[in-house]
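Reading through the structure tokens given below for one structure.
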Amino acid sequence: MAKGKFGGFGGGMNMQAMMKQAQKMQENMLKAQEEIAQMETIGTAGGGMVTVTVTGTSALKSIEIKPDVVDPDDIEMLQDLVVAAVNEALKAATEKSQSQMSAVTGGMGGLGGGLF
1 MAKGKFGGFG
11 GGMNMQAMMK
21 QAQKMQENML
31 KAQEEIAQME
41 TIGTAGGGMV
51 TVTVTGTSAL
61 KSIEIKPDVV
71 DPDDIEMLQD
81 LVVAAVNEAL
91 KAATEKSQSQ
101 MSAVTGGMGG
111 LGGGLF
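With UniProt numbering, the residue at position 109 of the sequence shown is 109, and numbering never jumps.
Next comes the structure, spelled out in structure tokens:
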């Protein structure tokens, strides 16, 4: 026969307390997601010749290209610098987002469908 108020959930942790804890975690996750959306991360390439800014949701916000790097005879180099700067910014944004969500979830893997 099961013991405790909820057949196995005995030992002091009741369903109401679990629901409050889950609700608090959900509120904290929503707050963290809002903060991530407002976050901006910068990536650079070519010693600062190309600078990009992305949001925490990986949206490209701006690209700044120094005139010195624009060479009509070497467009490929400029393209490579833009790609490198974007990738750097996206990687940093992903790391910051994961860190922020990990702080909220206490490092519990797989929470949020494995997105965090």
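In this text, a Cβ means the ideal position worked out from N, Cα and C, and glycines have one as well.
What residues in its chain sit with their C-beta under 7 Å from that of leucine 111, if we drop five residues either side in the sequence?
Translated into positions along the sequence shown, residue 111 becomes position 111. In this prediction, leucine 111 scores a pLDDT of 47, lower than 50, which makes its location untrustworthy; the coordinate-derived value is nonetheless stated afterwards. The answer, listed in chain order, is Thr105.
Comparing alpha-carbon positions, which option in Thr44, Ala59 and Gln21 lies nearest alanine 37?
Counted from its first residue, the sequence shown places residue 37 at position 37. Of the candidates Thr44, Ala59 and Gln21, the one whose C-alpha sits nearest the C-alpha of alanine 37 is Ala59.
Quick one: what's got a C-beta closer than 6 Å to lysine 66's C-beta in the same chain, skipping five residues either side?
Here residue 66 refers to the residue found at position 66 of the sequence shown. Closer than 6 Å at Cβ, skipping near neighbours: Met49.
If we count the other Cβ atoms within 10 Å of its Cβ and call it buried at 16 or more, is serine 97 buried or exposed?
The count along the sequence shown starts at 1 and reaches residue 97 at position 97. When all chains shown are included, serine 97 counts as buried.
DSSP three-state call for lysine 31: helix, strand or coil?
For the purposes of this step, residue 31 is taken as the residue at position 31 of the sequence shown. In this structure, lysine 31 counts as helix in the three-state DSSP scheme.
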